[in-house]
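Q:
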Amino acid sequence: MKNVKVLGTGCANCKTTVDLIRKVAEEKGVNIELEKIEDIQEIIKYGVMSTPGVVLDGKVVHAGGVPSRNSISQWL
Amino acid sequence: MSNAVSHQQHTTAIERIMAMPARHPIIFLFMAALLWLLVYTNLSDFSAMIVSGLPLDQEGHLADTLRFLIFEAPKVLMLLTAVVMVMGMINSWFTPERTRAMLAGKHEGVGNVMAASLGILTPFCSCSAVPLFIGFVQAGVPLGVTFSFLIAAPMVNEVALTLLFALVGWKVALLYLGLGLSIAISAGWVIGRLHMEAYLEDWVRDLETTTNVDVDAVSMTMSERLQSGFQSVKDIVGRVWIYVVVGVAIGAGIHAYVPEDLMAGLMGKDASWWSVPTAILMGVPMYSNAAGIIPIVEALLDKGAALGTVLAFMMSVIALSFPEMVILRKVLKLRLIAVFAGIVASGILLVGIVFNLIL
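So the sequences go chain by chain: A and B.
Numbering-wise, the first sequence is residues 1 to 76 according to this note's numbering.
Numbering-wise, the second sequence is residues 1001 to 1359 according to this note's numbering.
Spelled out as structure tokens, the structure:
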């Protein structure tokens, strides 16, 4: 099972990102473990500067803005 | 949109148009620009036509207000869409990571100037202020240089400049650009001189410096940049259009109903010395963005408010926002936040007073 973390301090875009990832995963029927990380010190550890960021199995795959449907689909 | 590309045999006219940005980005841009120009240049006649068809006193306040509203709001929104689109594409060259790489190791002085200028071009949202701040400091960007960036990024941006240009005129827009940059550069420089590194929160100070500043080497194609332009339009125009409409409506109300003497007395050139500081203080708790405040600024100016006072008010609303300081409290100690607010406020005060004196 893939582990997906969304990094964001709680702005609207971060929420959109979480919802979008959940939706795409449901559509594809993929089981994922989805986490939202709001703690700033945690976020910094991943070296992300612009939120929302997306971490896939411990690796940063995206930063700065809501990811596109296509890219989410590819990650899963 | 990319789906339309893969099923070429079934393309209908609509699908073909939808696929255009992906397949022929340059042609698409060119045609969109032509269409935009055509609509934009005919807006004034169009609004006059609509209002003349309405059953109301054509010379009255209400007709004036409506004419202004129907013409002004679409005009500003169209201009904003075009600029945000172009800036969205330009922004795709200036990611925060790349900006950081350009600023790392720069000395004060040159660094402050670069940071403030890059602040205009780098996409910035106040919710990213903290990660960005830490990212900069961690990469060895000096504290003062980081502050120059943080002050310029929200204050001097394409939305503010476009609206000033559209509503107040290019001279004031240029003035705002120059003054905003000067405040960001000098405030950052002063903070750097004060050596306030001790007033970062302890955990921020103790972070290890990252030596390998990796710039993402992914190069984007033209159609991807176009997509990022669309995305900014969706994000930014989608977020600020309501502020523009409400701002223009309030502005129209001020135009029609606020007596000139009252405004000139409160905010005019010959108003008391405290009009600039009061304008700044009033701006701090107001949390609006450039989009909402500029239509009001235009109306205030028209009613005889002094340019310096109005500029100070506007800068204070945008640059000194209380919510942003609360966010920054996570990484800065209170004393550094106070110094930051104090220096920026003094800069704005100076701008306001000097302008009222010389103009």
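Note that the Cβ used here is the ideal one computed from N, Cα and C, for glycine as well.
Bear in mind the structure is a predicted one, so any value in this text is a computation, not a measurement.
Tell whether a beta-carbon distance below 7 Å holds between Thr1162 of chain B and Leu1080 of chain B.
A: Residue mapping note: residue 1162 of chain B aligns to position 162 of the second sequence, counting from 1. Residue mapping note: residue 1080 of chain B aligns to position 80 of the second sequence, counting from 1. Yes, Cβ-Cβ distance for Thr1162 of chain B and Leu1080 of chain B is below 7 Å.
Q: For Gln41 of chain A, go through chain B and note every residue whose CB falls closer than 8 Å to its CB, in chain order.
A: To locate residue 41 of chain A, count along the first sequence from 1; it is residue 41. What Gln41 of chain A touches in chain B: Trp1203.
Q: Taking the alpha carbon of Val4 of chain A as the reference point, which residue from A:Val24, A:Ile44, A:Gly10 and A:Gln41 has its own alpha carbon closest?
A: As a first step, residue 4 of chain A must be located in the first sequence, where it is residue number 4. Among A:Val24, A:Ile44, A:Gly10 and A:Gln41, the Cα nearest to that of Val4 of chain A belongs to A:Val24.
Q: Please report the residue range of the alpha helix (DSSP H) in which Leu1311 of chain B lies.
A: Translated into the one-based positions of the second sequence, residue 1311 of chain B becomes position 311. Unbroken alpha helix (DSSP H) run through Leu1311 of chain B: Leu1307 to Ala1319.
Q: Give the residues of chain B in contact with Met48 of chain A, contact being defined as C-beta atoms less than 7 Å apart.
A: Mapped onto the first sequence, residue 48 of chain A falls at position 48. The question names Met, but residue 48 of chain A in the sequence shown is Val. Within 7 Å Cβ-Cβ: Pro1131.
Q: Quick one: is Met1018 of chain B near chain A, going by C-beta distance under 7 Å?
A: The residue you call residue 1018 of chain B lines up with position 18 of the second sequence. Judged by the 7 Å Cβ criterion, Met1018 of chain B is not in contact with chain A.
Q: If Phe1136 of chain B sits next to Leu1103 of chain B, beta carbons under 8 Å apart, how far is it from one beta carbon to the other, in whole angstroms?
A: Indexing the second sequence from 1 puts residue 1136 of chain B at position 136. Indexing the second sequence from 1 puts residue 1103 of chain B at position 103. 7 Å between Cβ atoms; contact.
Q: What span of residues does the alpha helix (DSSP H) with Glu42 of chain A cover, start to end?
A: The residue labelled residue 42 of chain A in the question sits at position 42 within the first sequence. Taken as a continuous stretch (DSSP letters only), the alpha helix (DSSP H) holding Glu42 of chain A covers Ile40 to Lys45.
Q: Which stretch, first to last residue, makes up the alpha helix (DSSP H) that contains Asn1091 of chain B?
A: Position 91 of the second sequence, counted from the first residue, corresponds to residue 1091 of chain B. Asn1091 of chain B -> alpha helix (DSSP H) spans His1061 to Asn1091.
Q: Tell me, please, whether the CB atom of Lys1330 of chain B is closer than 7 Å to any CB atom in chain A?
A: As a working note, residue 1330 of chain B is residue 330 in the second sequence. At least one beta carbon of chain A lies nearer than 7 Å to the beta carbon of Lys1330 of chain B.
Q: In this structure, what does DSSP give as the bridge partners for Leu76 of chain A?
A: Within the first sequence, residue 76 of chain A is the residue found at index 76, counting from 1. Leu76 of chain A is not bridged to any residue.
Q: Just the chain A side, please: which residues come within less than 8 Å of Arg1023 of chain B by C-beta, in chain order?
A: In the second sequence, counting from the first residue as 1, residue 1023 of chain B sits at position 23. Within chain A, no residue comes near Arg1023 of chain B; the closest Cβ sits about 16 Å away, beyond 8 Å.
Q: Assuming Val1072 of chain B and Val1168 of chain B are in contact, meaning their beta carbons sit under 8 Å apart, how far apart are those beta carbons, in whole angstroms?
A: Within the second sequence, residue 1072 of chain B is the residue found at index 72, counting from 1. Within the second sequence, residue 1168 of chain B is the residue found at index 168, counting from 1. Position check: residue 1072 of chain B holds Glu in this sequence, whereas Val was assumed. Here Glu1072 of chain B is actually not in contact with Val1168 of chain B; their C-beta atoms are around 12 Å apart, not less than 8 Å.
Q: What residues in its chain sit with their C-beta under 7 Å from that of Val1215 of chain B, if we drop five residues either side in the sequence?
A: Taking the second sequence and counting its residues from 1, one reaches residue 1215 of chain B at position 215. With a pLDDT of only 48 at Val1215 of chain B, under the threshold of 50, the placement of this residue in the model should not be trusted, and no figure is reported.
Q: Cα-Cα, which of B:Met1314, B:Asp1064 and B:Arg1016 is closest to Leu1175 of chain B?
A: The residue labelled residue 1175 of chain B in the question sits at position 175 within the second sequence. The residue with the shortest Cα to Cα distance from Leu1175 of chain B is B:Met1314.
Q: Residues in its own chain within less than 6 Å of Leu1336 of chain B by CB, not counting five upstream and five downstream?
A: Position 336 of the second sequence holds residue 1336 of chain B. Cβ neighbours of Leu1336 of chain B beyond the five flanking positions: Met1196 and Tyr1199.
Q: Could you have a look at Glu35 of chain A and say whether DSSP puts it in helix, strand or coil?
A: Taking the first residue of the first sequence as position 1, residue 35 of chain A is located at position 35. Correct three-state label for Glu35 of chain A: strand.
Q: Starting from the beta carbon of Glu1097 of chain B, find every residue of chain A whose beta carbon is closer than 7 Å, and list them in chain order.
A: Here residue 1097 of chain B is taken as the residue at index 97 of the second sequence, counted from 1. By Cβ distance, chain A contributes Met49.
Q: Going by DSSP in three states, Val55 of chain A sits in which element: helix, strand or coil?
A: Numbered from its first residue, the first sequence carries residue 55 of chain A at position 55. Strand, per DSSP.
Q: Around the Cβ of Pro1154 of chain B, are there at least 16 other Cβ atoms within 10 angstroms (buried) or fewer (exposed)?
A: Indexing the second sequence from 1 puts residue 1154 of chain B at position 154. Looking at its Cβ environment, which holds 16 or more other Cβ atoms inside 10 Å, Pro1154 of chain B is buried.
Q: Secondary structure at Ala63 of chain A, three-state DSSP: helix, strand or coil?
A: The residue you call residue 63 of chain A lines up with position 63 of the first sequence. Reduced to three states, the DSSP call for Ala63 of chain A is strand.
Q: Please list the terminal residues of the continuous beta strand (DSSP E) segment that includes Leu7 of chain A.
A: Sequence index remark: in the first sequence, residue 7 of chain A carries index 7 (1-based). Its beta strand (DSSP E) spans residues Lys2 to Leu7.
Q: Compare the C-beta of Ser1128 of chain B with all C-beta atoms of chain A and state if any pair is closer than 7 Å.
A: Here residue 1128 of chain B refers to the residue found at position 128 of the second sequence. Chain A, which has a Cβ nearer than 7 Å to the Cβ of Ser1128 of chain B, makes this yes.
Q: Of all Cβ atoms in chain A, is any one closer than 7 Å to the Cβ of Gly1347 of chain B?
A: To locate residue 1347 of chain B, count along the second sequence from 1; it is residue 347. Taking Cβ atoms only, chain A never reaches closer than 7 Å to Gly1347 of chain B, which makes this a no.
Q: DSSP has Leu1200 of chain B in a bridge; who is on the other side?
A: Reading the second sequence from its first residue, position 200 is the one you call residue 1200 of chain B. Leu1200 of chain B is bridged to B:Leu1332.
Q: Once you ignore the five residues that flank Ile86 of chain A on each side, which residues in its own chain have a CB closer than 8 Å to its CB?
A: Beyond the ends of chain A as shown, which are 1 and 76, falls residue 86 of chain A; an answer cannot be given.
Q: For Gln1058 of chain B, return the contacting residues in chain A, with the cut-off set at a CB-CB distance below 8 Å.
A: By one-based count along the second sequence, residue 1058 of chain B stands at place 58. Simply none; closest approach about 43 Å.
Q: Quick one: using the 10 Å Cβ neighbour count with 16 as the cut-off for buried, is Val1351 of chain B buried or exposed?
A: On the second sequence, position 351 is the one that residue 1351 of chain B refers to. Val1351 of chain B should be labelled buried.
Q: If Ala1306 of chain B and Gly1347 of chain B are in contact, beta carbons under 8 Å, what's the gap, nearest whole angstrom?
A: For this step, residue 1306 of chain B is matched to residue 306 along the second sequence. For this step, residue 1347 of chain B is matched to residue 347 along the second sequence. No, Ala1306 of chain B and Gly1347 of chain B are not in contact; Cβ-Cβ is about 18 Å, not under 8 Å.
Q: Which class does Gln1231 of chain B belong to by DSSP, given the choice of helix, strand or coil?
A: Your numbering for residue 1231 of chain B matches position 231 in the second sequence. In this structure, Gln1231 of chain B counts as helix in the three-state DSSP scheme.
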